[in-house]
Amino acid sequence: MKAFEIWEQVTGRYYELRLENGSLILEATDFSRELPPGLITELKDHKPELLTLLHFQEQADALLLESTRRIAQAWPRGYDLDVDWEWRKVDRDLHRAYFSSDTSQVKAVLERRELLALKLFDSYRKQRAA
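All residue numbers for the sequence shown refer to the working numbering, where the first residue is 1076 and numbers rise by one.
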């Protein structure tokens, strides 16, 4: 089983798997759910890969948060990005990049996403000014 599949199994069963001081922490968010038999063994057997995955997710989350803050600062009042097909496409690309576990791919898509947002914002402002 791959690290991502293990992560999905854990989080899909109302458990949280996170990094804390370089260690894997498994915490129940719903105590009525039981972990499937053998999952603890899988966690132990794939600990290095899980640590790598969780570290990547922390990095990707931080990059996404920084990018979203920059977009939010430039966002013109009243503009709806979700109606734009290019925005929806880059959003899907970002989703795929996030689950690729490739930081450089996430950075590249975030850069495209920010540039597109700024272009759309500029166009919206020009239309409103006309």
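Glycine is no exception: its CB is placed at the ideal position from the N, C-alpha and C atoms. Computed from a predicted model, the values in this text were never measured in an experiment.
Distance between residue j and residue i (C-alpha atoms, nearest Å)
| i | j | result |
| --- | --- | --- |
| ARG1108 | ARG1088 | 7 angstroms |
| LYS1182 | LEU1138 | 7 angstroms |
| SER1208 | LEU1114 | Nothing can be reported for residue 1208: it is not among the residues displayed for the chain, which extend from 1076 to 1205. |
| TRP1160 | GLN1202 | 18 angstroms |
| THR1116 | THR1086 | 16 angstroms |
| ASP1197 | ALA1149 | 9 angstroms |
| ILE1081 | PHE1174 | 14 angstroms |
| GLN1180 | TYR1154 | 28 angstroms |
| LYS1164 | ALA1172 | 12 angstroms |
| GLU1124 | PHE1079 | 9 angstroms |
| ASP1120 | LEU1092 | 15 angstroms |
Own chain, CB closer than 7 angstroms to residue i, minus 5 neighbours either side, in chain order
| i | result |
| --- | --- |
| ASP1200 | Residue identity differs from the one stated: residue 1200 is Arg in this sequence, not Asp. Counting only Cβ-Cβ distances below 7 angstroms, and skipping sequence neighbours, we find PRO1151. |
Distance CB(residue i)-CB(residue j) smaller than 8 angstroms
| i | j | result |
| --- | --- | --- |
| LEU1118 | LEU1101 | yes |
| THR1178 | PHE1106 | no |
| ARG1188 | SER1142 | yes |
Cβ-Cβ separation, residue j to residue i (assumed contact under 8 angstroms), whole Å
| i | j | result |
| --- | --- | --- |
| LEU1169 | VAL1158 | Not quite, the Cβ-Cβ distance comes to about 18 angstroms (not below 8 angstroms), so this is no contact. |
| LYS1077 | LEU1099 | With a Cβ gap of about 16 angstroms, LYS1077 and LEU1099 do not count as contacting. |
| LEU1140 | LEU1094 | In fact, because the Cβ distance is near 17 angstroms, the residues do not count as touching under 8 angstroms. |
| PRO1111 | GLN1134 | Between GLN1134 and PRO1111 the Cβ distance is about 29 angstroms, and since that is not below 8 angstroms, they are no contact. |
| LEU1195 | LEU1156 | 7 angstroms |
As assigned by DSSP and simplified to three states, the class of residue i
| i | result |
| --- | --- |
| SER1208 | The chain is shown only over 1076 to 1205; residue 1208 falls outside these bounds and no answer can be derived. |
| LEU1092 | strand |
| ALA1204 | helix |
Beta-carbon contacts of residue i that lie in its chain and below 6 angstroms, excluding the five residues immediately before and after
| i | result |
| --- | --- |
| ALA1192 | ILE1146 |
| ALA1103 | TYR1090 |
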